[in-house]
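Right, one structure below, let's go through it.
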Ligand code: C2E
Ligand code: MG
Ligand code: MG
Ligand code: MG
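In full-length UniProt numbering, the protein residues as written are 114 to 385.
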């Protein structure tokens with residue numbers, strides 16, 4: 114820097130990184146406040162059994178209604194929350210909400226009671242007390258453990274050695290575990306060789322590819338693989354009737370996506 118120190122120099126230039134860091138700090142403190150004020154909402158996206166058209170369960174997807182920024186997507190704030198310790202209370206909050214929602218569905222007489230799947234973060238996978246805390250939530254409400262499903266993404270599975278213990282612990286108490294976003298991440302088949310998932314969720318990119326013979330061929334192979342492994346297969350991001358039709362023909366059991374339904378508030382779920 115040349116310029117003379119005359120006291121009227123421009124303020125140090127903001128670097129893009131600084132702006133990002135500052136924005137992150139603001140967002141983090143907003144998120145902390147939102148959690149305290151219960152501004153985080155858990156929405157439920159229906160998962161349909163394709164053959165019967167029956168809604169078998171829901172995936173819990175967290176939403177943050179920011180007072181100025183509007184709806185902030187979990188893709189944005191979950192990552193932020195993971196970099197701080199905020200993901201721990203957020204994760205606990207989502208799990209408790211999911212259990213409360215199961216109670217409401219039961220009280221409204223939904224039979225059979227649908228399952229609700231909750232997404233786990235890396236921190237939760239590493240927490241050896243997680244399963245017991247979930248069981249406490251379930252027992253306090255007299256809920257059967259098979260109605261709460263846990264979703265772990267393929268990339269998390271690759272990074273967390275504890276996943277095997279978590280699955281074993283879940284199975285010993287009757288709680289199912291799903292492999293989320295299958296086919297993305299490192300696209301490694303290794304986890305399926307050693308880990309006993311109850312469900313595989315095929316990433317939306319494969320469903321988009323159903324408009325090409327290559328995509329149809331690959332999804333067909335994955336349907337066969339899931340069947341051979343005795344895993345339920347859920348197609349994610351199903352948006353068109355054509356996609357559902359092809360999935361039906363290929364023998365995929367479940368569909369999730371805008372065609373079936375967007376993530377709904379519990380009130381909307383109870384009305385349908
Ligand atoms: P995910 O678990 O793979 O969830 C599916 C995402 O696809 C959701 O995005 C959902 O809104 C979106 N989606 C569903 N159907 C369609 C469709 O037909 N077309 C398109 N284009 N998108 C569809 P969302 O809600 O933005 O969540 C993004 C990710 O954030 C989730 O991906 C999940 O990994 C994470 N996430 C959401 N809630 C939680 C949570 O409570 N805890 C943790 N740890 N992660 C969460
Ligand atoms: Mg998921
Ligand atoms: Mg997914
Ligand atoms: Mg996905």
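Virtual Cβ for every residue (Gly too), placed ideally from N, Cα, C.
Source: prediction; values computed, not measured.
Closer than 6 Å by C-beta to residue 365: which residues in its own chain qualify, once you throw out the five before and the five after it? Chain order, please.
On the chain shown, residue 365 is found 252 positions in, with the first residue counted as 1. Answer for residue 365: 336, 346 and 348, listed in chain order.
Just how far apart, CA to CA, sit residue 393 and residue 285?
With the chain running from 114 to 385 in the structure shown, residue 393 is simply not present.
Among the residues of its own chain, which have a CB less than 7 Å from the CB of residue 316, if the five just before and after it don't count? Counting from one through the chain shown, the residue named residue 316 turns up at place 203. These residues qualify, in order along the chain: 294, 295, 296, 297 and 349.
Exercise for the section: Please confirm whether any heavy atom of ligand 2 lies closer than 7 Å to the CB of residue 172. Expected result: As a first step, residue 172 must be located in the chain shown, where it is residue number 59. Yes, Cβ of residue 172 sits closer than 7 Å to a heavy atom of ligand 2.
*Ends of the beta strand (DSSP E) at residue 319?*
In the chain shown, counting from the first residue as 1, residue 319 sits at position 206. No beta strand (DSSP E) holds residue 319; the alpha helix (DSSP H) holding it covers 317-321.
Pull up the CB-CB distance for residue 144 and residue 199, whole angstroms please, since I reckon it's below 8 Å.
Here residue 144 refers to the residue found at position 31 of the chain shown. Here residue 199 refers to the residue found at position 86 of the chain shown. Taking C-beta atoms under 8 Å as the contact rule, residue 144 and residue 199 qualify, at a distance of about 6 Å.
One or two residues paired with residue 314 in a DSSP bridge
Residue mapping note: residue 314 aligns to position 201 of the chain shown, counting from 1. Paired residue(s): 347.
Query - Three-state secondary structure assigned by DSSP to residue 383 - result: Taking the first residue of the chain shown as 1, we reach residue 383 at position 270. Reduced to three states, the DSSP call for residue 383 is helix.
Which residues end up in the neighbourhood of ligand 3 when you take C-beta atoms closer than 6 Å to any of its heavy atoms?
293, 294, 314 and 349
Practice item. In the DSSP assignment, find the alpha helix (DSSP H) that holds residue 277 and state where it starts and stops. Key: Counting from one through the chain shown, the residue named residue 277 turns up at place 164. First-last of the alpha helix (DSSP H) with residue 277: 276-286.
Check: Going by the C-beta, is residue 317 closer than 7 Å to any heavy atom of ligand 5?
Finding: Because ligand 5 does not appear in the structure shown, any question about it cannot be addressed here, the ligands present being ligand 1, ligand 2, ligand 3 and ligand 4.
- For the beta strand (DSSP E) containing residue 179, list its first residue and its last residue. By 1-based counting over the chain shown, the position of residue 179 is 66. 168-179 is the span of the beta strand (DSSP E), which, as asked, contains residue 179.
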